[in-house]
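Here the structure is laid out as structure tokens; the discussion comes afterwards.
Numbering (my numbering), first residue to last: 8 to 87.
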């Protein structure tokens, strides 16, 4: 008997929240309201019928797109 491992490509909201380290309410709110001033942009999502799913490659790209900072007073590209 052969067992195969299925690599998951589409995550539920709960799985996505755990994967990116953000709350489900962040995902839900940003999905409903869209981009708001001074708010972190939510990762892209897809809808299959009524189901909302997040693709792993989109989540990885979203995580990589955020600037890595050494200190909170550090602004993008400049040092205070």
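All C-beta atoms in this analysis are idealised placements derived from N, C-alpha and C, irrespective of residue type, glycine included.
- Shown here for residue 16: same chain residues with a beta carbon closer than 7 Å to its own, the five before and five after excluded, namely 62 and 63 in chain order.
- Judged by DSSP in its simplified three-state form, residue 63 adopts helix.
- Per DSSP, the beta bridge partners of residue 54 are 59.
- Burial is judged here by how many other beta carbons sit within 10 angstroms of a residue's own beta carbon; residue 34 has at least 16 and is buried.
- Going by DSSP, residue 23 is part of the alpha helix (DSSP H) stretching over 20 to 27.
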